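Numbered per mature numbering (1 follows the signal peptide of the UniProt record, and there is no 0), the sequence shown spans residues -20 to -1, 1 to 809.
Worksheet for the structure shown next.
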Amino acid sequence: MFVWWSPVLLLGCVLLGADGWPVKEGYDFRPYQPLLRLRHKQEKNHESLRNKGHLGWDGHFGSCENKYCGLGRHCAVNGKTGQAECLCMEHCKPHYKPVCGSDGQFYENHCEVHRAACLKKEKITIVHNEDCFFKGDKCKPTEYTEVKNMLLDLQNQRYIAESKDKSVGEKMVLKKLLIDQMFNYFDSDNNGLVDTNELSQVIKRDELGKEPSDCSVFDLLKYDDYNGDKHLALEEFYRAFHVVQLNLPEDQKISTTAATVGQSAVLSCAIQGTLRPPIIWKRNNVILNSLDLEDISDFGDDGSLYITKVTTTHIGNYTCYADGYDKVYQTHILQVTVPPVIRVYPESQAREPGVTASLRCHAEGIPNPQLGWLKNGIDITPKLSKQLTLQANGSEVHISNVRYEDTGAYTCIAKNEAGVDEDISSLFVEDSARKTLANILWREQGLGIGNMFYVFYEDGIKVIQPVECEFQRHIKPSEKLLGFQDEVCPKADGDPVQRCIWATAVNVKDKFIYVTQPTLDRVLIVDVQSQKVVQAVSTDPVPVKLHYDKSHDQVWVLSWGDMEKNSPTLQVITQASGSVSHHTIHTQPVGKQFDRVDDFFIPATTLIITHVRFGYILHKDDPMLQKIDLETMSYIKTISLKDYNCIPESLAYTHLGGYLFICCKPDTTGAVLPQLIVDSVTDSVIGYNGDVTGTPHISPDGHYLLSIDDAKGLMRIQSITVRGEIQDAFDIHTNLHISDVAFQPSFTEAHQYNVYCSSSTQTDVLFMELSSGKVKMVKSLKEPIKAGEWPWNMHSKQDRLFVPFRWLGLRTGKHTWHTPLANSDPDQT
């Protein structure tokens, strides 16, 4: 046995004697190399770099054939010395089987670990955990998104290749389907979880490690393992790929919320689901979340919409949806109820026995209130007779052939679901009432003074008692201002007659009348109680327009600067109803200029809208509106109309939904655009009002929009519902050439309004019931003045104006103006 083994042993000794022990190279040295061993398999792509040796002087190959270099190295023969050397591998064969090194770094395969150990000259071992997968922040969000998009695209390609039915509805449905399939593809053991081994298999199977990137599929575990268990569940896949599953019950797609004006309201979005993105709210297709709204300021963590103080402007539809998923949306209908507000007229009257008496009650509220009457606290319904009747849907108590026992306090009561209101109209039946009780009531309580009609003539101001059409007082042009030496209308140089020139007038709380004198650059203040002119307030040149802002007790004055309107300005008289010395202040200039104002618009207060916060300024040739805060008199926002090529000419406003209707000036070609609608809640243009053109007018209750297009001879009426819905228009054709309109409460139907339209060319007045559309003509009035005789018009057709108070005034003669006070008798027209 020893005989055959001895040559083998001898051969081993010869080999050791020729090469010796391998020299220690690097940190993979093994101290006891076996005599018979398997050499480390070199990467094929490095074989060409490795010199397999040459035939030396002793006839043997070079030493690389038998030289062991260790992992991460390769043998190469030095060209100068001819000796074999172990060098660090320049790169490893692309092969994706990631591991963690003891240095905390992530490596694509084992070879890269050993190569790094060689290059760093430090010992690096393989650590069997995934901690290094989650260290560092080389993977940027954009690159990570690209990796996920790549995975989604691959899955989509597989779906297209495998699926026979390629018709998928919504995009989100397809995305969910692809993620479900992708998860099943990744989850090779079907245990409902994906781990690092399964991710490695996917990377290897789909060859995903070829593209150079700081992000890899393993980053799914780094960024989207929400519970930190180092496994990915299907829900975590949904999160990673933003698969949102939204749910909105069918019966909640439309939700109605009712709120009383002045209260707060919460609109809760019923859209639920896994990973629901933030809720977006819209009104009239305008996103509310991005707006800094004073009354809609907090959307809450649950996506609810909070309205801190509800008004009728908030009426309308609101939609909510999850951000990015607007196909699933909920519509909220906000309905606003308003308690009734009553106005009775007359507040008091004296009648002789045998005549007829009427007591009227006008009430507004949302919904329309029910009316009832008491006499001295007792319901009058059981006492109704031929002599005592209720008319006009219960809004009028009509007493024929009055008797002494009809004397009493008649209380009108209005009720709706939001509240109750009441007011008293007193009736006194007494012989010679006009000489005794009537005089006492009218003079001592001011009721008679409050019913006076002021007419501004060339020869001064005349105060008329409207019931008997009697002149009560004549303020002549030469009369001195109370306590001053100035005359009411000083004689102009070169004018043979002392005369007055007036432009416009307003009633201030039944205490004062403000009237402009455009040629004298001032406003006169008439005291109603004393029926005297008490003050003259200097203004900018040519004051032509006044508006009393009851909410802030201010009179706004628009002056032209000259007759060519070259330098128009806007001024304000504060504390207008106060017995103080008044003066004007300018509004905030635009671009350091005061002369850009073309017109202004301030919504009127009504029975149920007693406070107006904002007004709107129109500038010369500018396609925009400037929103102005009436409290601070400063500009706060610009509403651009440039996209609609609209230079605003006139405006109207309804509180039912807060809509502004804008009539635009004709463009350079003469074409007339339809009216624009602006949502005053968001200050955004909603769009055109259908094909409706012309100057807009709104009834005091906000329910009717009347548009006058004189060029077409067309009057169009649109109703606006309590839900803020603008209905289709019905048309009335007329050749009347309407100059102005005035709305009056109906005396035949409760809660309704009628409209009177004056003509700029004819002696007729058009009367229409807005609820029914019935039209009548009031004929044979005086001839209207010629346009050239009245140069103070804001608009070319307004040469015959109505005074928009309850006593209907109409200017028919040269330089006259009729200004009634609030307690006037509505029977006098």
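Glycine included, every Cβ here is placed at the ideal spot set by N, Cα and C.
Note that this is a predicted model, so its numbers are computed, not measured.
Check each candidate in the options and name the one with the smallest Cα separation from residue i.
i, options, result
"R256", "Y305, T240, Y437", "Y305"
"A389", "A398, F581, L354", "L354"
"S338", "V552, H378, E332", "H378"
"D602", "H591, I588, T590, P628", "P628"
"D529", "G541, T564, Q497, E611", "E611"
"I287", "D281, T299, L273", "L273"
"C341", "E332, V335, L351, L247", "L351"
"D133", "D282, L154, C119, K118", "L154"
"E719", "V335, I765, H731", "In the sequence as presented, Glu is not what sits at residue 719; that position holds Ser. Ranking V335, I765, H731 by Cα distance to S719 puts I765 first."
"F217", "A651, G50, N170, F166", "F166"
"S405", "V513, G357, H71, N381", "G357"
"N265", "V758, T662, V224, L716", "T662"
"T741", "A485, Q509, K759", "K759"
"P65", "L461, T714, L694, C55", "One point to set straight first is that residue 65 is Glu, not Pro, in the sequence displayed. If we check each option's Cα against that of E65, C55 comes out closest."
I need the boundaries of the alpha helix (DSSP H) containing residue i, first residue and last residue.
i, result
"T125", "121 to 142"
"D711", "Segment 710 to 713 is the beta strand (DSSP E) holding D711; no alpha helix (DSSP H) there."
"T176", "176 to 186"
"M152", "151 to 166"
"K756", "Not the alpha helix (DSSP H): K756 falls in the beta strand (DSSP E), residues 755 to 758."
"residue 812", "Given a span of -20 to 809 for the chain in the structure shown, any question on residue 812 remains unanswerable."
"E216", "214 to 220"
"K202", "199 to 204"
For a quick check, are the C-beta atoms of residue i and residue j less than 8 Å apart?
i, j, result
"L370", "D386", "no"
"N773", "E749", "no"
"M162", "Q137", "no"
"L247", "Y298", "yes"
"A372", "P320", "no"
"E667", "H635", "Per the sequence presented here, residue 667 reads as Gly, with Glu not at that position. No, these two residues do not count as a Cβ contact at 8 Å."
"V182", "I251", "no"
"K503", "V514", "It is Val, not Lys, that sits at residue 503 in the sequence shown. Cβ distance not < 8 Å, so V503 and V514 don't count as in contact."
"Q534", "V552", "yes"
"A220", "D194", "no"
"C392", "E438", "no"
"P680", "F723", "yes"
"S614", "Q568", "yes"
Could you pull out every residue in the same chain whose Cβ sits closer than 6 Å to the Cβ of residue i, ignoring the five residues on either side in sequence?
i, result
"L99", "C68"
"Q425", "Confidence is the limiting factor: at Q425 the pLDDT is only 46, short of 50, which leaves the residue's position unreliable and the question unanswerable from this model."
"Q707", "Q698, S699"
"R17", "In this prediction, R17 has a pLDDT of 35, which is less than 50 and means its spatial position is unreliable; nothing more can be read from the coordinates."
"Q445", "Q452"
"A472", "none"
"P121", "none"
"L598", "D578, D579, P628"
Take residue i and list the residues in its own chain whose beta-carbon comes closer than 7 Å to its own, dropping the five residues that flank it on each side.
i, result
"E27", "For E27, the predicted model reports a pLDDT of 41, less than 50, meaning its position is unreliable; a value from the coordinates is still stated below. Excluding residues within five positions, none has a Cβ falling inside 7 Å."
"A238", "Q315, T317"
"G595", "F580, F581, I582, I608, L610"
"I159", "F217, Y218, F221, V223"
Tell me, which residues are paired with residue i by DSSP?
i, result
"K525", "L538"
"W353", "C392"
"N227", "Q252"
"S739", "I718"
"N297", "I313"
"C68", "R53"
"A245", "I287"
"W261", "C300"
"Y633", "L640"
"I565", "V552"
"P725", "Y733"
"V488", "F492"
"S699", "Y684"
Quick check: is any heavy atom of the ligand NAP less than 7 Å from the C-beta of residue i?
i, result
"H294", "For the ligand NAP, the structure offers nothing, since it holds no ligand at all."
Specify, as a first and last residue, the run of the beta strand (DSSP E) that residue i falls within.
i, result
"D403", "399 to 409"
"D659", "656 to 659"
"F492", "492 to 497"
"G667", "664 to 668"
Sorted by chain position, which residues of the same chain lie with C-beta nearer than 8 Å to residue i's C-beta, five sequence neighbours on each side aside?
i, result
"Q655", "F641, I642, C643, C644, Y668, N669, V672, T673, G674, P676, S687"
"R593", "S531, D609, L610, E611"
"T549", "D520, L538, S539, G541, H566, F574, D575, V577"
"A413", "Summary for A413: the model assigns pLDDT 47, below 50, so the residue's position carries little reliability; its value from the coordinates is reported in the next sentence. These residues qualify, in order along the chain: A330, R331, E332."
"V400", "P319, P320, I393, A394"
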